Amino acid sequence: MRAPMICWAFLLLALFGNACNGFYLPGSYMHTYSPGDAIFAKVNSLTSIETELPFSYYSLPYCQPKEGVKKSAENLGELLMGDQIDNSPYRFRMNVNESVYLCTTKPLSEHEVKLLKQRTHDLYQVNMILDNLPVMRYAKQNEIDIQWTGFPVGYTPQNSNDDYIINHLKFTVLVHEYEGSGVEIIGTGEEGLGVISEADEKKASGFEIVGFVVVPCSVKYDPDAMIKHKIYDNVSSVSCPLDLDKSQIIREQERISFTYEVEFVKSEIRWPSRWDAYLKMEGARVHWFSILNSLMVIFFLAGIVFIIFLRTVRRDLTRYEELDKEAQAQMNEELSGWKLVVGDVFREPDCSKLLCIMVGDGVQITGMAVVTIIFAAFGFMSPASRGMLLTGMILLYLFLGIVAGYVAVHLWRTIKGTSEGWRSVSWSVACFFPGIVFVILTILNFILWGSQSTGAIPISLYFVLLALWFCISVPLTLLGGFMGTQAEAIQYPVRTNQIPREIPARKLPSWVLVLGAGTLPFGTLFIELFFILSSIWLGRFYYVFGFLLIVLLLLVIVCAEVSVVLTYMHLCVEDWRWWWKAFFASGSVSIFVFLYSINYLVFDLQSLSGPVSAILYLGYSLIIAVAIMLSTGTIGFLTSFYFVHYLFSSVKID
Numbered sequence: 012m013r014a015p016m017i018c019w020a021f022l023l024l025a026l027f028g029n030a031c032n033g034f035y036l037p038g039s040y041m042h043t044y045s046p047g048d049a050i051f052a053k054v055n056s057l058t059s060i061e062t063e064l065p066f067s068y069y070s071l072p073y074c075q076p077k078e079g080v081k082k083s084a085e086n087l088g089e090l091l092m093g094d095q096i097d098n099s100p101y102r103f104r105m106n107v108n109e110s111v112y113l114c115t116t117k118p119l120s121e122h123e124v125k126l127l128k129q130r131t132h133d134l135y136q137v138n139m140i141l142d143n144l145p146v147m148r149y150a151k152q153n154e155i156d157i158q159w160t161g162f163p164v165g166y167t168p169q170n171s172n173d174d175y176i177i178n179h180l181k182f183t184v185l186v187h188e189y190e191g192s193g194v195e196i197i198g199t200g201e202e203g204l205g206v207i208s209e210a211d212e213k214k215a216s217g218f219e220i221v222g223f224v225v226v227p228c229s230v231k232y233d234p235d236a237m238i239k240h241k242i243y244d245n246v247s248s249v250s251c252p253l254d255l256d257k258s259q260i261i262r263e264q265e266r267i268s269f270t271y272e273v274e275f276v277k278s279e280i281r282w283p284s285r286w287d288a289y290l291k292m293e294g295a296r297v298h299w300f301s302i303l304n305s306l307m308v309i310f311f312l313a314g315i316v317f318i319i320f321l322r323t324v325r326r327d328l329t330r331y332e333e334l335d336k337e338a339q340a341q342m343n344e345e346l347s348g349w350k351l352v353v354g355d356v357f358r359e360p361d362c363s364k365l366l367c368i369m370v371g372d373g374v375q376i377t378g379m380a381v382v383t384i385i386f387a388a389f390g391f392m393s394p395a396s397r398g399m400l401l402t403g404m405i406l407l408y409l410f411l412g413i414v415a416g417y418v419a420v421h422l423w424r425t426i427k428g429t430s431e432g433w434r435s436v437s438w439s440v441a442c443f444f445p446g447i448v449f450v451i452l453t454i455l456n457f458i459l460w461g462s463q464s465t466g467a468i469p470i471s472l473y474f475v476l477l478a479l480w481f482c483i484s485v486p487l488t489l490l491g492g493f494m495g496t497q498a499e500a501i502q503y504p505v506r507t508n509q510i511p512r513e514i515p516a517r518k519l520p521s522w523v524l525v526l527g528a529g530t531l532p533f534g535t536l537f538i539e540l541f542f543i544l545s546s547i548w549l550g551r552f553y554y555v556f557g558f559l560l561i562v563l564l565l566l567v568i569v570c571a572e573v574s575v576v577l578t579y580m581h582l583c584v585e586d587w588r589w590w591w592k593a594f595f596a597s598g599s600v601s602i603f604v605f606l607y608s609i610n611y612l613v614f615d616l617q618s619l620s621g622p623v624s625a626i627l628y629l630g631y632s633l634i635i636a637v638a639i640m641l642s643t644g645t646i647g648f649l650t651s652f653y654f655v656h657y658l659f660s661s662v663k664i665d
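Yeah, the sequence shown ends on 665 if you go by my numbering, and it's all consecutive.
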């Protein structure tokens, strides 16, 4: 019986191996084009690192497609990030080098001139996409070659009060000749799942786009001569003028002609490697060295603290267990320290329901972060699939509601000794963190609506998010809560006295130690935090998820160690109110993260202009800080809880 099954298994394996000679994951579905095939570029929202307020491309007087403006399919993540991808009139024909006329605008009105000047002064960039690749621009700054995605709306020359619009674009499209050879390609991009099989190898043969570069120019045309042309008529190629008199000024009643030229260049870059140029991070050596140095220092410090701590506890337990019962009783009377709080250590903390809720939400956020970063580190969330990272995070958070409900209610049962009130706890877990995010986003959304930015969340998306939350997260959280009532409660190893023990006075308040404890986890995080903030606010790609995964694992270890050490220190001074202190010992790292965000705003985002931009930045930073507090606090609390349980279950007490 086993022989035929083994044969079938080998046959299936052989067929599968034959079908998948090549396997590209992740990325978008690879398009191959024949010479002369028409390829249309798309345009995303206009963005600026000065204002962080995205606006629609067609909010400015640009040429529109003949068939009208049509929005591309946008996923949840793209909508939340303010992306608005539209079609454009920019048409390329594969391997056809040409210089093309687009349109001539009507005389500019006062409002259009004001808008163009404002967008130019705020350094807004036009973001164009061809075959799912963002357009790239190379420039020199202080004799250093830098690369940017997008090109400016216009520019203001030095020692000049006039503004000039970019109306002529010189595109270079890098193409790689591809010949189909039984390669099966599977990808998940904005076009969805795509497969090229052996049957399509003739069709698959052709050219694939592996690069998209632009040189923006401002050229003054004679509008009366240009308006005689029709769209896509060939015109003479022009060089980017250096003389301002030959550049197109922005002023009222000016008619602006838009043209572009395209050159196709063969390249040795293969399709799977085409994103490499975008993912190169400036100062890569410093980036790697700084993170490795940080990891080594933190491991060293945490290791020393943990080893000393383990030796101290083991010595105490060994001495305690070697004594007979009478000597133990005498020792309990004579010695101070954690052994004296045996009757109070598991006393119910203040605001126990809030603690259960925050721990439940913390487990949910931590699970979402770990799974997302693991998937991203293994390449399942490519930058080619815009918005995929944020969409994946939201869906993971929704489905992890079952874990949050279970943990919160299980902890509630352990503290209270009964399941009564579990529905209220489950509902609160489902509403606590989403409620904070909803309130902050609503306030920011009113600001964005007032600015008419595409970053504002549409009303329809609000209802979609509410429906997802109410139909997925809430039921799963309640289900998890019900499962928590069925699980066996954790039994305390010691009894709690009826009368609470008086806590000795201390020179310094305990919150000083709790706040100081957050500096060690922050030390593991702050270097990576700089690169993450740069990717969010300066429009850079972040794709070193492998290192981020290492930093996350290190952060979990350090949070656990710091919280356990602080809990032990409090128990040693006969302070049995360790529950909340264990939570905030590691959770206080969020305060330093928020303060670092303010520091980044003041010193690294100096170009950010206006109170609206600052409020948006601080609002999003606050959401991140709250999420970090819940996540790190939960890690520290759960580790401390099991440590205290283990510590007091190891002591022989009558």
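Even glycine gets a Cβ: it sits at the ideal position worked out from N, Cα and C.
Model, not experiment: these values are computed from the prediction.
### Query
Looking at the unbroken alpha helix (DSSP H) that takes in glutamate 89, where does it start and where does it end?
In the sequence shown, residue 89 corresponds to position 78, counting from 1. Residues 87-91.
### Task
Within the same chain, show all residues whose beta-carbon is closer than 6 Å to that of proline 72, passing over the 5 residues directly before and after it, in chain order.
Position 61 of the sequence shown, counting from 1, holds the residue named residue 72. So the list reads Thr116, Glu123, once near-sequence residues are dropped.
### Query
Is it true that the region 645-656 meets the region 621-632, where meeting means three or more beta-carbon pairs spaced less than 8 Å apart?
no
### Message
Tell me the rounded alpha-carbon separation between serine 632 and serine 608.
### Response
For this step, residue 632 is matched to residue 621 along the sequence shown. For this step, residue 608 is matched to residue 597 along the sequence shown. Using only the alpha carbons, I get a separation of about 7 Å.
### Task
Below 6 Å CB to CB, which residues in the same chain sit around leucine 36 once its five sequence neighbours on both sides are set aside?
On the sequence shown, residue 36 is found 25 positions in, with the first residue counted as 1. Because the pLDDT of leucine 36 is 37, which lies under 50, any placement of that residue in the model is unreliable, and the question is left without a value.
### Query
Closest to isoleucine 280 by CA distance: which of Tyr189, Tyr503, Phe605 is it?
Here residue 280 corresponds to residue number 269 of the sequence shown, with the count starting at 1. Looking at the Cα atoms, Tyr189 is the closest of the given residues.
### Query
Three or more beta-carbon pairs under 8 Å between the region 354-370 and the region 540-551, yes or no?
no
### Message
Among Leu113, Lys151, Asp94, whose alpha-carbon lies nearest the alpha-carbon of phenylalanine 75?
### Response
On the sequence shown, position 64 is the one that residue 75 refers to. The question names phenylalanine, yet the displayed sequence has glutamine at residue 75. Checking every option, the nearest Cα to that of glutamine 75 belongs to Leu113.
### Task
Decide yes or no for the touch test of the region 121-135 against the region 46-56: beta carbon pairs closer than 8 Å, at least 3 of them.
no
#### Entry: Where the alpha helix (DSSP H) through serine 216 begins and ends
The residue labelled residue 216 in the question sits at position 205 within the sequence shown. That residue, serine 216, is in no alpha helix (DSSP H); it is neither H nor E in DSSP.
### Task
In angstroms with no decimal places, state the Cα-to-Cα distance between glutamate 345 and leucine 351.
Counted from its first residue, the sequence shown places residue 345 at position 334. Counted from its first residue, the sequence shown places residue 351 at position 340. Caution is warranted here: a pLDDT of 48 is assigned to glutamate 345, below 50, making its placement in the model unreliable, and the coordinate value is therefore given only provisionally. So the two alpha carbons sit approximately 10 Å from each other.
### Query
According to DSSP, is methionine 41 helix, strand or coil?
By 1-based counting over the sequence shown, the position of residue 41 is 30. In this structure, methionine 41 counts as coil in the three-state DSSP scheme.
### Task
Look at the alpha carbon of threonine 425 and the alpha carbon of valine 576, and state the distance between them as a whole number of angstroms.
Within the sequence shown, the letter at position 414 stands for residue 425. Within the sequence shown, the letter at position 565 stands for residue 576. The alpha-carbon atoms of threonine 425 and valine 576 are separated by roughly 23 Å.
### Query
Going by the CB atoms, is the gap between asparagine 108 and glutamate 274 shorter than 8 Å?
Here the question's residue 274 lines up with position 263 in the sequence shown. Here the question's residue 108 lines up with position 97 in the sequence shown. Going by C-beta atoms, glutamate 274 is nearer than 8 Å to asparagine 108.
### Query
Is it a yes or a no for the region 399-416 touching the region 378-391, going by three-plus beta-carbon pairs under 8 Å?
yes
### Query
What residues in its chain sit with their C-beta under 8 Å from that of lysine 231, if we drop five residues either side in the sequence?
Here residue 231 refers to the residue found at position 220 of the sequence shown. Correct list, in chain order: Pro252, Asp256, Lys257, Ser258, Gln259, Ile260.
### Message
Is the beta carbon of valine 436 closer than 8 Å to that of proline 373?
### Response
Here residue 373 is taken as the residue at index 362 of the sequence shown, counted from 1. Here residue 436 is taken as the residue at index 425 of the sequence shown, counted from 1. The question names proline, but residue 373 in the sequence shown is glycine. No, Cβ-Cβ distance for glycine 373 and valine 436 is not below 8 Å.
### Own chain residues within Cβ distance below 8 Å of isoleucine 458, not counting five before or after
As a first step, residue 458 is located in the sequence shown; it is residue number 447 there, counting from the start. Val623, Ile626, Leu627.
### Message
Distance check for threonine 43 and threonine 183, CA to CA, integer angstroms please.
### Response
Residue 183 sits at position 172 when you count from the first residue of the sequence shown. Residue 43 sits at position 32 when you count from the first residue of the sequence shown. Distance between the alpha carbons of threonine 183 and threonine 43: 18 Å.
### Task
Report yes or no: do the region 479-496 and the region 414-425 share at least 3 C-beta pairs separated by less than 8 Å?
yes
#### Entry: Exposed unless 16 or more other CB atoms sit within 10 angstroms - verdict on serine 268
Counting from one through the sequence shown, the residue named residue 268 turns up at place 257. By the 10 Å Cβ count, serine 268 comes out buried.
#### Entry: glycine 79 burial status per 10 Å Cβ neighbour count (16 or more: buried)
Along the sequence shown, read from residue 1 onward, the residue named residue 79 stands at position 68. Answer is exposed; the Cβ neighbour count stays below 16.
#### Entry: Run of the alpha helix (DSSP H) containing tyrosine 631, from where it starts to where it stops
Counting from 1 along the sequence shown, the entry for residue 631 is found at position 620. First-last of the alpha helix (DSSP H) with tyrosine 631: 622-660.
### Task
Out of Val276, Ala236, Gln129, Val475, point me to the one whose CA is closest to arginine 262's CA.
What you label residue 262 is simply residue 251 of the sequence shown in a count that begins at 1. Minimum Cα distance to arginine 262 is reached at Gln129.
### Message
Please report the distance separating the alpha-carbon of glutamine 463 from that of phenylalanine 66.
### Response
Within the sequence shown, the letter at position 452 stands for residue 463. Within the sequence shown, the letter at position 55 stands for residue 66. Distance between the alpha carbons of glutamine 463 and phenylalanine 66: 8 Å.
### Task
Just the C-alpha distance for glycine 161 and valine 54, rounded to the nearest angstrom, thanks.
Along the sequence shown, read from residue 1 onward, the residue named residue 161 stands at position 150. Along the sequence shown, read from residue 1 onward, the residue named residue 54 stands at position 43. Distance between the alpha carbons of glycine 161 and valine 54 is about 10 Å.
### Query
Alpha carbon to alpha carbon, what distance is there between proline 163 and aspartate 173?
In the sequence shown, the residue the question calls residue 173 occupies position 162. In the sequence shown, the residue the question calls residue 163 occupies position 152. The alpha-carbon atoms of aspartate 173 and proline 163 are separated by roughly 16 Å.
#### Entry: Check whether proline 504 and serine 601 have beta carbons under 8 Å apart
One-based indexing of the sequence shown puts residue 504 at position 493. One-based indexing of the sequence shown puts residue 601 at position 590. It is not a contact, given that the beta carbons lie outside the stated cut-off.
### Query
Taking Cβ positions, are proline 4 and isoleucine 177 nearer each other than 8 Å?
Any property of residue 4 remains undetermined from this structure, which presents the chain solely from 12 to 665.
### aspartate 48 - partner residues in DSSP beta bridges
Residue numbering aside, residue 48 sits at position 37 when the sequence shown is read from its first letter. Looking at the DSSP assignment, aspartate 48 forms no beta bridge with any residue, so it has no partner.
### Query
Should asparagine 138 be labelled buried (16 or more other beta-carbon atoms within 10 Å of its own) or exposed?
Position 127 of the sequence shown, counting from 1, holds the residue named residue 138. So asparagine 138 ends up on the buried side.
### Message
Per DSSP, what are the beta-bridge partners of aspartate 372 in this structure?
### Response
Looking up residue 372 in the sequence shown gives position 361. DSSP output for aspartate 372 lists no bridge partner at all.
### Task
Whole angstroms is fine: what's the gap from cysteine 482's alpha carbon to glycine 534's?
Within the sequence shown, the letter at position 471 stands for residue 482. Within the sequence shown, the letter at position 523 stands for residue 534. Rounded to whole angstroms, cysteine 482 to glycine 534 spans 40 Å at the Cα level.
### Query
Taking the Cβ atom as the reference point for each residue, do phenylalanine 556 and alanine 388 lie within a distance shorter than 8 Å?
Stepping through the sequence shown from its first residue, residue 556 is reached at position 545. Stepping through the sequence shown from its first residue, residue 388 is reached at position 377. A contact, by the Cβ cut-off of 8 Å.
### Three-way DSSP call (helix, strand, coil) for tyrosine 232 in this model
Taking the sequence shown and counting its residues from 1, the one referred to as residue 232 is at position 221. Coil.
### Query
Distance, Cα to Cα, valine 584 vs leucine 606?
Locating residue 584 in the sequence shown gives position 573, where the first residue counts as 1. Locating residue 606 in the sequence shown gives position 595, where the first residue counts as 1. One C-alpha to the other measures close to 31 Å.
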